[in-house]
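Single-structure report; data block below.
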Amino acid sequence: MNVLLRAAFVLCWSSGFIGAKLGAGSATAVTILMWRFLPLALVLGAVSLARGAWRGLTARDVARQSAIGLLSQSGYLLTVYYAIQLGVSSGTTALIDGVQPLVAGALAGPVLRQYVSPRQWLGLCLGLGGVVLVTTADAAARTGVAWWAYLIPFLGMLSLVAATFLEGRSRTTVAPDAAMTTHCLTSALVFTALATGTGAARPPAEPSFWAAIAWLVALSTFGGYGLYWILLRRSGVTEVNTLMFLMAPVTAVWGALMFHEPFGVRTAVGLCVALAAVALVHRADKHADRGRGGGRDGGGAGERDGEGARSAART
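When you line the sequence shown up against this note's numbering, it's residues 10 to 324, in that order.
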(Lines of atoms letter the chains of each structure in order from A; the text may use other names.)
(Lines give C-alpha, C1' and ligand atoms only; values in the text may rest on other atoms or scores of the structure.)
Protein backbone atom coordinates (compact mmCIF):
# COMPACT_ATOMS: atom_id res chain seq x y z
CA MET A 10 0.00 0.00 0.00
CA ASN A 11 2.80 2.45 0.86
CA VAL A 12 4.41 1.87 -2.55
CA LEU A 13 1.14 2.72 -4.31
CA LEU A 14 0.67 5.81 -2.16
CA ARG A 15 4.20 6.99 -2.95
CA ALA A 16 3.71 6.48 -6.69
CA ALA A 17 0.36 8.29 -6.59
CA PHE A 18 1.90 11.13 -4.59
CA VAL A 19 4.73 11.63 -7.09
CA LEU A 20 2.35 11.68 -10.05
CA CYS A 21 -0.20 13.95 -8.39
CA TRP A 22 2.40 16.39 -7.06
CA SER A 23 4.08 16.55 -10.45
CA SER A 24 0.70 17.28 -12.02
CA GLY A 25 0.78 20.66 -10.30
CA PHE A 26 3.66 21.85 -12.48
CA ILE A 27 1.85 20.62 -15.59
CA GLY A 28 -1.40 22.23 -14.48
CA ALA A 29 0.37 25.53 -13.84
CA LYS A 30 1.68 25.43 -17.40
CA LEU A 31 -1.77 24.58 -18.73
CA GLY A 32 -3.29 27.60 -17.04
CA ALA A 33 -0.43 30.04 -17.64
CA GLY A 34 -1.49 30.60 -21.23
CA SER A 35 -4.90 31.98 -20.29
CA ALA A 36 -4.57 33.76 -16.92
CA THR A 37 -2.18 35.15 -14.32
CA ALA A 38 -0.95 33.14 -11.37
CA VAL A 39 -3.26 34.77 -8.81
CA THR A 40 -6.31 34.35 -11.08
CA ILE A 41 -5.66 30.64 -11.47
CA LEU A 42 -5.05 30.16 -7.75
CA MET A 43 -8.09 32.18 -6.72
CA TRP A 44 -10.46 30.11 -8.85
CA ARG A 45 -8.70 26.93 -7.87
CA PHE A 46 -9.31 27.47 -4.16
CA LEU A 47 -12.40 29.68 -3.83
CA PRO A 48 -15.05 27.14 -4.98
CA LEU A 49 -13.14 24.32 -3.29
CA ALA A 50 -13.02 26.17 0.03
CA LEU A 51 -16.75 26.93 -0.08
CA VAL A 52 -17.66 23.29 -0.71
CA LEU A 53 -15.24 21.93 1.90
CA GLY A 54 -16.35 24.56 4.41
CA ALA A 55 -20.02 23.63 4.02
CA VAL A 56 -19.29 19.92 4.34
CA SER A 57 -17.06 20.41 7.39
CA LEU A 58 -19.67 22.58 9.13
CA ALA A 59 -22.37 19.99 8.47
CA ARG A 60 -20.17 17.23 9.89
CA GLY A 61 -18.96 19.29 12.85
CA ALA A 62 -15.34 18.81 11.81
CA TRP A 63 -14.09 21.70 13.96
CA ARG A 64 -15.87 20.52 17.11
CA GLY A 65 -13.45 20.36 20.01
CA LEU A 66 -10.73 22.45 18.37
CA THR A 67 -9.39 25.48 20.17
CA ALA A 68 -8.66 28.84 18.59
CA ARG A 69 -4.97 27.97 18.85
CA ASP A 70 -5.50 24.74 16.91
CA VAL A 71 -7.29 26.59 14.10
CA ALA A 72 -4.64 29.31 14.06
CA ARG A 73 -1.87 26.71 13.76
CA GLN A 74 -3.65 24.99 10.88
CA SER A 75 -4.15 28.36 9.19
CA ALA A 76 -0.43 29.03 9.50
CA ILE A 77 0.38 25.60 8.06
CA GLY A 78 -1.97 26.27 5.14
CA LEU A 79 -0.47 29.70 4.59
CA LEU A 80 2.99 28.17 4.29
CA SER A 81 2.30 24.86 2.55
CA GLN A 82 -0.39 26.04 0.13
CA SER A 83 -0.49 29.82 -0.25
CA GLY A 84 3.22 30.58 -0.06
CA TYR A 85 4.43 27.50 -1.88
CA LEU A 86 1.94 27.58 -4.77
CA LEU A 87 2.13 31.32 -5.34
CA THR A 88 5.89 31.15 -5.84
CA VAL A 89 5.67 28.14 -8.19
CA TYR A 90 2.97 29.69 -10.37
CA TYR A 91 4.57 33.12 -10.40
CA ALA A 92 7.95 31.68 -11.40
CA ILE A 93 6.37 29.80 -14.31
CA GLN A 94 4.50 32.97 -15.28
CA LEU A 95 7.82 34.83 -15.40
CA GLY A 96 9.27 32.26 -17.79
CA VAL A 97 11.02 29.78 -15.51
CA SER A 98 10.35 26.35 -16.99
CA SER A 99 8.36 23.75 -15.07
CA GLY A 100 11.40 21.46 -15.03
CA THR A 101 13.66 24.10 -13.52
CA THR A 102 11.00 24.97 -10.97
CA ALA A 103 10.80 21.30 -10.04
CA LEU A 104 14.59 21.20 -9.69
CA ILE A 105 14.62 24.08 -7.23
CA ASP A 106 11.85 22.39 -5.27
CA GLY A 107 14.04 19.28 -5.36
CA VAL A 108 16.47 20.96 -2.98
CA GLN A 109 13.80 20.65 -0.28
CA PRO A 110 14.88 17.19 0.96
CA LEU A 111 18.41 18.41 1.65
CA VAL A 112 17.11 21.38 3.61
CA ALA A 113 14.52 19.30 5.47
CA GLY A 114 17.05 16.56 6.17
CA ALA A 115 19.60 19.02 7.50
CA LEU A 116 17.06 20.65 9.80
CA ALA A 117 15.25 17.47 10.90
CA GLY A 118 17.78 16.86 13.66
CA PRO A 119 17.80 20.23 15.45
CA VAL A 120 14.13 21.07 14.76
CA LEU A 121 12.34 17.71 15.17
CA ARG A 122 15.11 15.74 16.94
CA GLN A 123 15.05 13.13 14.19
CA TYR A 124 18.04 10.98 13.31
CA VAL A 125 19.34 11.23 9.72
CA SER A 126 21.82 8.45 8.96
CA PRO A 127 24.86 8.78 6.66
CA ARG A 128 23.16 6.40 4.24
CA GLN A 129 20.15 8.68 4.09
CA TRP A 130 22.41 11.66 3.42
CA LEU A 131 24.05 9.71 0.59
CA GLY A 132 20.63 9.03 -0.89
CA LEU A 133 19.65 12.68 -0.60
CA CYS A 134 22.82 13.85 -2.34
CA LEU A 135 22.47 11.19 -5.02
CA GLY A 136 18.90 12.28 -5.62
CA LEU A 137 19.93 15.89 -6.02
CA GLY A 138 22.48 14.80 -8.61
CA GLY A 139 19.75 13.01 -10.56
CA VAL A 140 17.52 16.07 -10.53
CA VAL A 141 20.40 18.28 -11.67
CA LEU A 142 21.06 15.95 -14.59
CA VAL A 143 17.47 16.28 -15.75
CA THR A 144 17.13 20.05 -15.53
CA THR A 145 20.58 21.61 -16.05
CA ALA A 146 20.32 21.69 -19.83
CA ASP A 147 16.86 23.24 -19.67
CA ALA A 148 17.93 25.95 -17.22
CA ALA A 149 20.96 26.85 -19.35
CA ALA A 150 18.82 27.19 -22.47
CA ARG A 151 16.38 29.69 -20.99
CA THR A 152 16.88 33.26 -22.22
CA GLY A 153 15.11 36.47 -21.34
CA VAL A 154 14.33 35.36 -17.78
CA ALA A 155 15.56 37.60 -14.95
CA TRP A 156 18.05 35.97 -12.62
CA TRP A 157 15.93 36.78 -9.57
CA ALA A 158 13.02 34.79 -11.02
CA TYR A 159 14.91 31.61 -10.11
CA LEU A 160 14.93 32.67 -6.44
CA ILE A 161 11.12 32.71 -6.29
CA PRO A 162 10.54 28.92 -6.30
CA PHE A 163 13.39 28.62 -3.79
CA LEU A 164 11.35 30.77 -1.39
CA GLY A 165 8.40 28.47 -2.01
CA MET A 166 10.50 25.45 -1.14
CA LEU A 167 11.49 27.06 2.17
CA SER A 168 7.83 27.81 2.83
CA LEU A 169 6.89 24.14 2.42
CA VAL A 170 9.78 23.03 4.64
CA ALA A 171 8.61 25.45 7.34
CA ALA A 172 5.07 24.07 7.12
CA THR A 173 6.39 20.52 7.45
CA PHE A 174 8.30 21.35 10.62
CA LEU A 175 5.40 23.36 12.07
CA GLU A 176 3.16 20.33 11.62
CA GLY A 177 5.82 18.01 13.01
CA ARG A 178 6.08 20.00 16.24
CA SER A 179 2.31 20.03 16.78
CA ARG A 180 1.10 17.94 19.73
CA THR A 181 -2.56 18.08 18.72
CA THR A 182 -4.15 15.71 16.23
CA VAL A 183 -6.58 17.56 13.99
CA ALA A 184 -9.16 15.66 11.94
CA PRO A 185 -8.14 15.41 8.25
CA ASP A 186 -11.23 17.18 6.91
CA ALA A 187 -10.88 20.04 9.40
CA ALA A 188 -7.19 20.54 8.58
CA MET A 189 -7.67 20.35 4.80
CA THR A 190 -10.62 22.75 4.93
CA THR A 191 -8.75 25.24 7.10
CA HIS A 192 -5.79 25.18 4.72
CA CYS A 193 -8.02 25.71 1.68
CA LEU A 194 -10.02 28.49 3.35
CA THR A 195 -6.78 30.27 4.21
CA SER A 196 -5.50 29.97 0.65
CA ALA A 197 -8.84 31.09 -0.80
CA LEU A 198 -8.76 34.24 1.34
CA VAL A 199 -5.15 35.01 0.43
CA PHE A 200 -5.52 34.46 -3.31
CA THR A 201 -8.89 36.23 -3.52
CA ALA A 202 -7.43 39.27 -1.77
CA LEU A 203 -4.41 39.29 -4.08
CA ALA A 204 -6.48 38.82 -7.24
CA THR A 205 -9.00 41.48 -6.24
CA GLY A 206 -6.29 43.91 -5.22
CA THR A 207 -4.47 43.53 -8.54
CA GLY A 208 -7.61 43.59 -10.71
CA ALA A 209 -7.16 39.98 -11.79
CA ALA A 210 -10.21 38.39 -10.16
CA ARG A 211 -12.33 37.96 -13.31
CA PRO A 212 -11.73 34.53 -14.86
CA PRO A 213 -11.20 34.19 -18.62
CA ALA A 214 -13.93 32.57 -20.69
CA GLU A 215 -11.63 30.08 -22.43
CA PRO A 216 -12.50 26.41 -21.78
CA SER A 217 -8.79 25.70 -21.37
CA PHE A 218 -8.76 27.81 -18.20
CA TRP A 219 -11.52 25.80 -16.55
CA ALA A 220 -9.94 22.56 -17.71
CA ALA A 221 -6.75 23.62 -15.94
CA ILE A 222 -8.72 24.48 -12.79
CA ALA A 223 -10.40 21.06 -12.75
CA TRP A 224 -7.01 19.42 -13.31
CA LEU A 225 -5.44 21.29 -10.41
CA VAL A 226 -8.28 20.69 -7.95
CA ALA A 227 -8.60 16.96 -8.62
CA LEU A 228 -4.97 15.94 -9.09
CA SER A 229 -2.88 18.57 -7.34
CA THR A 230 -5.02 19.57 -4.36
CA PHE A 231 -6.79 16.36 -3.39
CA GLY A 232 -4.12 14.08 -4.82
CA GLY A 233 -0.76 15.75 -4.31
CA TYR A 234 -1.42 17.91 -1.26
CA GLY A 235 -3.55 15.33 0.51
CA LEU A 236 -1.11 12.47 -0.08
CA TYR A 237 1.79 14.65 1.10
CA TRP A 238 0.36 14.83 4.61
CA ILE A 239 -0.77 11.21 4.60
CA LEU A 240 2.73 9.99 3.75
CA LEU A 241 4.29 12.47 6.16
CA ARG A 242 2.39 10.83 9.00
CA ARG A 243 3.16 7.30 7.78
CA SER A 244 6.84 7.65 6.85
CA GLY A 245 8.34 10.82 8.34
CA VAL A 246 9.99 13.98 7.04
CA THR A 247 13.22 12.61 5.54
CA GLU A 248 11.70 9.72 3.62
CA VAL A 249 8.72 11.68 2.28
CA ASN A 250 10.76 14.65 1.17
CA THR A 251 13.19 12.35 -0.63
CA LEU A 252 10.31 11.56 -2.98
CA MET A 253 10.51 15.19 -4.05
CA PHE A 254 13.62 14.25 -6.01
CA LEU A 255 11.35 12.39 -8.42
CA MET A 256 9.29 15.45 -9.28
CA ALA A 257 11.67 16.99 -11.81
CA PRO A 258 12.28 13.75 -13.77
CA VAL A 259 8.58 12.87 -13.76
CA THR A 260 7.67 16.40 -14.81
CA ALA A 261 10.16 16.14 -17.67
CA VAL A 262 8.64 12.85 -18.84
CA TRP A 263 5.14 14.22 -18.52
CA GLY A 264 6.04 17.38 -20.40
CA ALA A 265 7.55 15.33 -23.22
CA LEU A 266 4.40 13.23 -23.55
CA MET A 267 1.90 16.05 -23.17
CA PHE A 268 3.68 19.06 -24.68
CA HIS A 269 6.25 17.28 -26.89
CA GLU A 270 9.11 18.74 -24.88
CA PRO A 271 12.59 17.26 -25.47
CA PHE A 272 13.42 14.07 -23.57
CA GLY A 273 16.99 12.90 -24.10
CA VAL A 274 19.56 10.57 -22.62
CA ARG A 275 20.40 12.97 -19.77
CA THR A 276 16.78 13.01 -18.67
CA ALA A 277 16.59 9.22 -18.70
CA VAL A 278 19.83 8.88 -16.71
CA GLY A 279 18.67 11.48 -14.19
CA LEU A 280 15.40 9.64 -13.69
CA CYS A 281 17.27 6.41 -12.96
CA VAL A 282 19.60 8.16 -10.49
CA ALA A 283 16.66 9.75 -8.67
CA LEU A 284 14.90 6.39 -8.43
CA ALA A 285 18.07 4.84 -7.00
CA ALA A 286 18.28 7.62 -4.40
CA VAL A 287 14.72 7.01 -3.23
CA ALA A 288 15.38 3.27 -2.96
CA LEU A 289 18.56 3.92 -0.96
CA VAL A 290 16.82 6.14 1.60
CA HIS A 291 13.87 3.78 1.98
CA ARG A 292 16.26 0.87 2.52
CA ALA A 293 18.17 2.88 5.12
CA ASP A 294 14.93 3.51 7.01
CA LYS A 295 14.11 -0.21 7.04
CA HIS A 296 17.57 -1.05 8.43
CA ALA A 297 17.11 1.62 11.10
CA ASP A 298 13.78 0.09 12.11
CA ARG A 299 15.29 -3.39 12.43
CA GLY A 300 18.02 -1.94 14.60
CA ARG A 301 15.34 -0.53 16.90
CA GLY A 302 13.57 -3.87 17.18
CA GLY A 303 11.09 -3.44 14.31
CA GLY A 304 8.31 -2.65 16.73
CA ARG A 305 6.88 0.28 14.82
CA ASP A 306 4.71 0.25 11.79
CA GLY A 307 5.89 2.37 8.89
CA GLY A 308 9.49 2.82 9.93
CA GLY A 309 9.71 6.49 8.98
CA ALA A 310 11.93 9.08 10.54
CA GLY A 311 8.85 10.90 11.80
CA GLU A 312 7.95 7.96 14.02
CA ARG A 313 11.26 8.30 15.81
CA ASP A 314 9.94 11.69 16.92
CA GLY A 315 6.61 10.26 18.00
CA GLU A 316 4.88 11.62 14.94
CA GLY A 317 3.88 8.17 13.76
CA ALA A 318 1.75 7.68 16.85
CA ARG A 319 -0.80 10.07 15.39
CA SER A 320 -2.85 8.00 12.98
CA ALA A 321 -4.88 10.79 11.40
CA ALA A 322 -3.52 12.09 8.09
CA ARG A 323 -4.19 15.10 5.94
CA THR A 324 -6.52 14.07 3.11
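Yeah, the Cβ is synthetic: ideal placement off N, Cα and C, and Gly gets one too.
{"Check": "How big is the Cα-Cα spacing for tryptophan 44 and alanine 55?", "Outcome": "17 Å"}
{"Check": "DSSP on glycine 264, reduced to helix/strand/coil?", "Outcome": "helix"}
{"Check": "Quick one: what's got a C-beta closer than 6 Å to arginine 289's C-beta in the same chain, skipping five residues either side?", "Outcome": "For the record, residue 289 in the displayed sequence is leucine; it is not arginine. Once the five neighbours on either side are set aside, the close Cβ partners of leucine 289 are Gly132."}
{"Check": "At what residue ranges does the segment 59-89 contain a whole run of the alpha helix (DSSP H), taking only runs of 4 or more?", "Outcome": "68-78"}
{"Check": "Just verifying my parser: in three-state terms, what is the DSSP assignment at glutamate 248?", "Outcome": "helix"}
{"Check": "For serine 217, count neighbouring Cβ atoms within 10 angstroms of its own Cβ and tell me buried if that reaches 16, exposed if not.", "Outcome": "exposed"}
{"Check": "Report the three-state DSSP secondary structure of glutamine 129 (helix, strand or coil).", "Outcome": "helix"}
{"Check": "Within 10 angstroms of its Cβ, does threonine 276 collect 16 or more other Cβ (buried), or is it exposed?", "Outcome": "buried"}
{"Check": "To the nearest angstrom, how far is the alpha carbon of leucine 79 from that of leucine 142?", "Outcome": "32 Å"}
{"Check": "Extract the residue ranges of the alpha helix (DSSP H) inside the segment 178-261, only unbroken runs of 4 or more that lie entirely within it.", "Outcome": "185-206, 216-224, 235-244, 246-251"}
{"Check": "Please list the terminal residues of the continuous alpha helix (DSSP H) segment that includes alanine 155.", "Outcome": "Careful: alanine 155 lies outside any alpha helix (DSSP H) and carries neither H nor E."}
{"Check": "Classify alanine 36 as helix, strand or coil using the three-state DSSP reduction.", "Outcome": "coil"}
{"Check": "Examine the Cβ distances between the segment 74-89 and the segment 183-195 and report whether three or more of them are shorter than 8 Å.", "Outcome": "yes"}
{"Check": "Whose C-beta lies closer than 7 Å to the C-beta of serine 23 among residues of the same chain, with five residues either side of it excluded?", "Outcome": "Met256, Val259, Thr260, Trp263"}
{"Check": "Count the C-beta pairs between the segment 222-237 and the segment 50-65 that are closer than 8 Å, then say yes if the count reaches three, no if not.", "Outcome": "no"}
{"Check": "So, is arginine 180 buried or exposed, given that buried needs 16 or more other C-beta atoms within 10 angstroms?", "Outcome": "exposed"}
{"Check": "Where glycine 28 and proline 127 are concerned, what is the direct C-alpha to C-alpha distance, given to the nearest angstrom?", "Outcome": "36 Å"}
{"Check": "Does DSSP put glycine 96 in a helix, in a strand, or in coil?", "Outcome": "coil"}
{"Check": "Using beta-carbon positions only, say whether glycine 100 and alanine 285 come within less than 9 Å of one another.", "Outcome": "no"}
{"Check": "Measure from the alpha carbon of tyrosine 91 to the alpha carbon of each residue in Gly107, Ser57, Gly165, then state which is nearest.", "Outcome": "Gly165"}
{"Check": "Applying the criterion that 16 or more other CB atoms from any shown protein chain within 10 Å of the CB defines a buried residue, is cysteine 21 buried or exposed?", "Outcome": "buried"}
{"Check": "Whole-angstrom Cβ separation of aspartate 147 and serine 98, contact assumed at under 8 Å?", "Outcome": "5 Å"}
{"Check": "What is the C-beta distance between glycine 136 and phenylalanine 254, in whole angstroms, given that I count them as a contact (C-beta under 8 Å)?", "Outcome": "3 Å"}
{"Check": "Apply the 10 Å Cβ neighbour rule to alanine 223 and answer buried if 16 or more other Cβ atoms are within range, or exposed otherwise.", "Outcome": "exposed"}
{"Check": "State the DSSP-derived secondary structure class of glutamine 109, mapped to helix, strand or coil.", "Outcome": "helix"}
{"Check": "Would a C-beta distance cut-off of 9 Å place alanine 220 and leucine 31 closer than the cut-off?", "Outcome": "yes"}
{"Check": "Quick one: is phenylalanine 26 buried, meaning 16 or more other Cβ sit within 10 Å of its Cβ, or exposed?", "Outcome": "buried"}
{"Check": "Confirm, please, whether the CB-CB distance from serine 35 to glutamate 215 is below 9 Å.", "Outcome": "yes"}
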